[in-house]
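Structure, as C-alpha cells:
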Amino acid sequence: MKDVIVALDFPTAEKTLSFLDMFKEEKLFVKIGMELFYSAGPSIVERIKARGHKIFLDLKLHDIPNTVKRAMNVLSGLDVDMVNLHAAGGSAMMKAALDGLTRADGTRPLLIAVTQLTSTNQQLMEQELLIKLPIDEVVMSYARNAAACGLDGVVCSPLEAGKVHEACGMEFLTVTPGVRFAGGEVGDQSRVTTPAEAARLGSDYIVMGRPITAAEDPVAAYRRAVSEFLEK
Ligand code: C5P
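What follows is the structure, given as C-alpha cells:
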C-alpha cells in the first residue's frame, strides 16, 4: 500500500509529541531514527503507537546474524510496522533478521534493506571499502540479495525505483527519501524528486522530513504530499 512516511527527526520525545499534536484527524506513517530512539528510548514507540500512527523504526541493524536475530526479536515486540538493516551484513544476517522478526503467530513488521548509504560515493567505495564495481551495480546486487533472502524491499532514490522493480519484481518495495515539493528548499539532499514524480517513477513509500516538519503549516504540507503522491 503506497504511503507518505514522515521522518520525525526530532531530538526529544516532547518535541516529537508536540509535532504530532497538530495532527488531529490523520493517522500518519512516521519514521523514528536513531537520534530520537536513543534519546527517548523504546517508550517513544509505544507512545506514538498509542495514538494510532504506523511506525518505520530506522535503526539500520548490522551485526553478526545471531545478534541481529535477537535484536529483531525484541523490535518485533514493540509493534512497529517496518524496520531495516544493512544489506552489507550478508545473506545469513538478513535471513536471521527475518527469523527473529517473525512473531509466534506468523506476523511480522516489513523488513527493508539499506543498500549503499547516499553518503557513500564511488571514491569512498573504491578507496576505503575496496569495492571496485560501479556503485549502481553494487546497489542492484545488494537489492537482489535482499529479495532472494525474502526481505520486503529496499531504501533507494525514487530515481532507482524502476530499476529495482525490474530486477526484484513489482511486489518488492521501494522506500524513497530525497523528496521535495516543487520550488521548495532542497537542503542537503543532492538528487530530489517531487511526490508526484516519485509516484510516476514507481516509489511505494516516500520518506519526507523537513518539507513537512519544518513547514509553516505541517498539516497542510502533509496533506499536499499525500495528495500529490497518491494523486488524489
Ligand atoms: O528532511 P528530509 O526529507 O531530507 O529527511 C529524509 C529522511 O530520510 C531523513 O531521516 C534521512 O536520514 C533519511 N534518509 C535519506 N537518505 C537516505 C537514507 C535515509 O535522506 N539515503
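Counting from 1 along the sequence shown, just add 26 to a position and that's the residue number in the numbering used here.
Glycine is no exception: its CB is placed at the ideal position from the N, C-alpha and C atoms.
Everything numeric in this text was worked out from a predicted model, so none of it was measured.
- Counting only runs of 4 or more residues that sit fully inside the stretch 77-159, the alpha helix (DSSP H) segments are 91-102, 117-127 and 148-153, in chain order.
- Taking 8 angstroms as the cut-off, the beta carbon of K86 is found no closer than this to the beta carbon of Y231.
- Counted as a single uninterrupted DSSP element, the beta strand (DSSP E) harbouring F55 occupies residues F55 to I58.
- The Cβ atoms of G126 and K95 lie closer than 8 angstroms to each other.
- Nearest to H88 by alpha-carbon distance, out of T141, S65 and A130, is T141.
- DSSP places L256 outside any beta strand (DSSP E), giving it a letter other than H or E.
- In this structure, DSSP gives T239 a helical state, which the three-state scheme calls helix.
- Here the C-alpha atom of A123 lies approximately 7 angstroms from the C-alpha atom of P91.
- A straight line joining the alpha-carbon of E52 with that of K189 spans about 32 angstroms.
- For the pair of segments examined, the stretch 141-151 was found to touch the stretch 159-178: the number of CB pairs separated by less than 8 angstroms reaches three.
- Annotated three-state conformation of A208 is coil, per DSSP.
- Of all alpha-carbon atoms in V180, P244 and A224, the one lying nearest the alpha-carbon of D84 is that of V180.
- Look at M27 here: in three-state DSSP terms it is coil, with no helix or strand label.
- In this structure L227 does not touch A172 by the C-beta definition: roughly 19 angstroms separates them, more than the 8 angstroms allowed.
- Not a single heavy atom of the ligand C5P lies less than 7 angstroms from the C-beta of M98.
- Bridge partners of L199 according to DSSP: G179.
- Remark: the shortest separation between the CB of V181 and any heavy atom of the ligand C5P falls under 7 angstroms.
- Around the beta carbon of T38, fewer than 16 other beta carbons sit within 10 angstroms, so the residue counts as exposed.
- Counting along the chain, V218 sits inside no alpha helix (DSSP H), nor does DSSP assign it H or E at all.
- The continuous beta strand (DSSP E) containing M234 extends over residues Y231 to M234.
- With contacts defined by Cβ atoms closer than 8 angstroms, V245 and F36 do not form a contacting pair.
- Looking at the DSSP output, V165 bridges to nothing.
- Residues M151 and V164 of the same chain have their beta carbon placed closer than 7 angstroms to that of I157, with the five preceding and five following residues left out of the count.
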